[in-house]
Amino acid sequence: MKALAARRHHRFAPAVLLLLALLVTGALYAALAPSQATAESTTAQDVQAGKALFAANCATCHGVGAVGTSETPSLVGVGAAAVDFQVSTGRMPMQMTGPQAEVKPAQFDADQTRQLAAYVASLAPGPSIPSAEAVDPTLGDASNGAEIFRTNCAMCHNAVGAGGALSEGKYAPSLWSTTPTQIYEAMVTGPQSMPVFNENNITPEEKRDVIAYLVEQREGSAGGDPLGSLGPVSEGVWAWVIGIGALIGAAVWIGAKSS
Amino acid sequence: MNTPDVTTHETGREVTAATPADTFADPGLPDHKDRLADKDPKASRRAELQTVILFAISVIGTISMMIVFFTVPLDGTTAGVRTQNLALGLCLGFALLGIGLGAVHWAKTLMSDHEVVEERHNVATEPEDREQAVAALAAGVKDSGIARRGILKGAVVSALALFPLAIAVPLVAEVGGDWNIGKFRHTLWRRGTRLATDPTGRPIKASDVTIGSAYHVIPYQEDIPEDVRPGTHGWIDEKAKAIVLMVRLDPAVLKEAEDRKDWSHDGIVAYSKICTHVGCPVALYEQQTHHLLCPCHQSTFDVADGAKVVFGPAKRPLPQLPITVDDEGYLVAQSDFLEPVGPSFWERLK
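These protein sequences, in sequence, are chains U and W. Count along the first sequence starting at 1, add 1105, and that's the number in my numbering. Count along the second sequence starting at 1, add 308, and that's the number in my numbering.
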């Protein structure tokens, strides 16, 4: 103790104390934070809690009972998958109207999202949230997924999922930070401009293959920085500005009289 | 021939006196300025050392590349290939850059930089050389006797003139290969051909197509001739004409022409996926606006209104495939497209 007391004025003492405090806080959080393992089953309490959340946060636009208005869609029958996708990606609740709802930090935590989904799913049957196994990329066949993605998805979302432009300010988003569950839900529910790809069009196994392909793209390209995978636009800018700029610089250096 | 006049200017410009007012005097070359390395032996040694370092960078780059090549193994992952590419590329880059920079730096700092002028020589050859050449040619002609032997002259000229045909005729005849444009008028679709998913090839039931769905469609392989089924070479050509995009719309928003009322089934419409502009696959379907976009030139078609053009360079709506359902509930074509699919060609409507 005496040794500690003697060094309490050491110039590293504040840093050491701070580090210790951070470690303790982190350990406490890990021990006490609510776990997310209970997402599978929904109870009547979830539906009740979801109804209250819906009335407070969603009913202004989607109407009491989620029946929609002339401006907003009815949510009866969209299923838990649609709610989980829209709320967990932060698209809903929408911050403002625009060409399309943007991704933003999710406003509700996992429990609240589950409650909202349970409430909307209780209104009418619809696509449910896929199980962890249904979206596990390690169980999918990336090569088959690539073939399906190329025909059904790549024209909007780009060959490796980098996203792309649609009309009048709308766009197909990049899929690089979308979770496998969200990718699956988007295919089943067809959010916003995206068409629906139901289980007869692309089977659940094929959807998992697509997810496997997309997750594999996150490893990046073997050729180095893909420059956003946007093809000739970003590659052209790089070649013309950096490449030709360096060549011009070299030509000026070679041609300049040395002193 | 002439040897170029080489003059070395050591002293710089010559002074010209009594210049007329309306002409400019030739200012000559600017004075030669000695570089630091020319005057100061220390600077010279420094430049030499810098050049040596640059070449040494190249040597290190080359040796490192050999080391990387043999020691960084490929583990089969994307990241592994990327790491090896990066290491090899950097080493190769330094190996070449070192030589390049070293050579330029050497030339700029140490090699002689005295200005040198090379005067232009006459373009024409000397008269006596020309006379000699003409005489040699005339002697050759006389020696061959071609002027006396008329038939021989004719034979040589014919042989040389005809030979290029051996190259030109196959070359021209192979262009295009196939002049039968009739095949652009027809696709694989026939009465009763089932619609199947692309690329998985499963036939589609009408009940599978929910509102808002978009199906990329090919003809079902059991319903098309064997020599053009998926996996054959003929399939590639035929698929390119036969691809279809099928969507189901709320019947309330679907506008249909009177003569096409029976071409759809319960809000399900099928259109050729080949743009009428230059033939890209029109496949970007916006579910909410019912607009179908072409990725190449942004032609936009309204699927809810006969696929008419609402934006872009395309001139004609996409051809519609008339569909219906068979006894088992599968979607089938009523017939082929009633007009040629894809971009215009001269004889399209003949």
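Ideal Cβ positions, reconstructed from N, Cα and C, are used throughout, including at glycine.
Asked	Found
For proline 625/W and phenylalanine 609/W, believed in contact at Cβ under 8 Å, the rounded distance	7 Å
Assigned secondary structure, aspartate 334/W (DSSP; H/G/I helix, E/B strand, else coil)	coil
Identified DSSP bridge partners for glutamate 594/W	His599/W
Environment of glutamine 440/W [buried if 16+ CB atoms lie within 10 Å]	exposed
Sub-8 Å separation of serine 1233/U and alanine 1164/U beta-carbons	no
Within-8 Å CB hit, glycine 1327/U to chain W	A quick correction: the sequence has alanine, not glycine, at residue 1327/U. Yes, its Cβ sits closer than 8 Å to a Cβ of chain W.
CA-to-CA distance, isoleucine 519/W to arginine 1183/U, given in whole angstroms	Going by the sequence as given, residue 1183/U is valine instead of arginine. When rounded, the distance between both Cα atoms is 12 Å.
Boundaries (first-last residue) of the beta strand (DSSP E) holding serine 580/W	576 to 580
Interface residues of the stretch 582 to 597 of chain W facing chain U [CB-CB below 8 Å]	Pro589, Ala591, Leu592, Tyr593, Glu594, Gln595, Gln596 and Thr597
Whole runs of the beta strand (DSSP E) within the stretch 471 to 544 of chain W, excluding any shorter than 3 residues	503 to 505 and 522 to 527
Where proline 1235/U sits in the DSSP three-state scheme	coil
Cross-chain neighbours of isoleucine 1288/U in chain W, by beta carbon under 7 Å	Ordered by position in chain W, no residue passes the 7 Å Cβ test against isoleucine 1288/U, which lies about 17 Å from the chain.
Reference phenylalanine 619/W, options Val389/W, His605/W, Leu629/W and Gln628/W, closest by Cα	His605/W
Burial state of lysine 1362/U, where buried means 16 or more other Cβ atoms lie within 10 Å	exposed
Residues bridged to alanine 1277/U [DSSP beta-bridge criterion]	Gly1269/U
Separation of valine 412/W from serine 652/W, as counted between CA atoms	57 Å
Residues bridged to serine 1326/U (per DSSP)	Gly1329/U
Between the CA atoms of proline 381/W and threonine 316/W - distance to the nearest angstrom	The predicted position of threonine 316/W is uncertain, since its pLDDT is 46 and thus under 50; a value taken from the coordinates is nonetheless stated next. Computed Cα separation, rounded: 58 Å.
Contact with chain W by leucine 1280/U, beta-carbon distance below 8 Å	no
Rounded C-alpha distance that separates alanine 1259/U from threonine 501/W	27 Å
Selection from Ala463/W, Lys549/W and Tyr593/W that minimises the alpha carbon distance to tyrosine 523/W	Tyr593/W
Min CB distance isoleucine 1359/U to chain W below 8 Å	yes
For leucine 639/W, the three-state DSSP class (helix, strand or coil)	strand
Between the CA atoms of arginine 353/W and phenylalanine 378/W - distance to the nearest angstrom	38 Å
Assigned secondary structure, glutamine 628/W (DSSP; H/G/I helix, E/B strand, else coil)	strand
Contact list for the stretch 358 to 391 of chain W against chain U, Cβ threshold 7 Å	Thr386, Ala387, Val389 and Arg390
Threonine 1218/U in three-state terms, based on DSSP	helix
Closer than 8 Å to chain W by CB, cysteine 1166/U	no
Neighbouring residues, chain W, relative to glutamine 1297/U (Cβ below 8 Å)	Gln595 and Gln596
Three-way DSSP call (helix, strand, coil) for glycine 1350/U in this model	helix
Limits of the beta strand (DSSP E) - the one that lysine 341/W falls within	Where lysine 341/W is concerned, there is no enclosing beta strand (DSSP E), given that its DSSP letter is neither H nor E.
Continuous beta strand (DSSP E) stretch holding threonine 386/W: start and end	Unbroken run through threonine 386/W is the alpha helix (DSSP H), 386 to 417; no beta strand (DSSP E).
Positions along the stretch 1223 to 1254 of chain U whose CB lies within less than 8 Å of some CB in chain W	Glu1252 and Ile1253
Expected contact under 8 Å - CB spacing of valine 1208/U and leucine 1180/U to nearest Å	That belief does not hold up - the Cβ atoms of valine 1208/U and leucine 1180/U are roughly 20 Å apart, past 8 Å.
Within-8 Å CB hit, leucine 1335/U to chain W	no
Beta-carbon spacing of alanine 1317/U, alanine 1215/U below 8 Å	no
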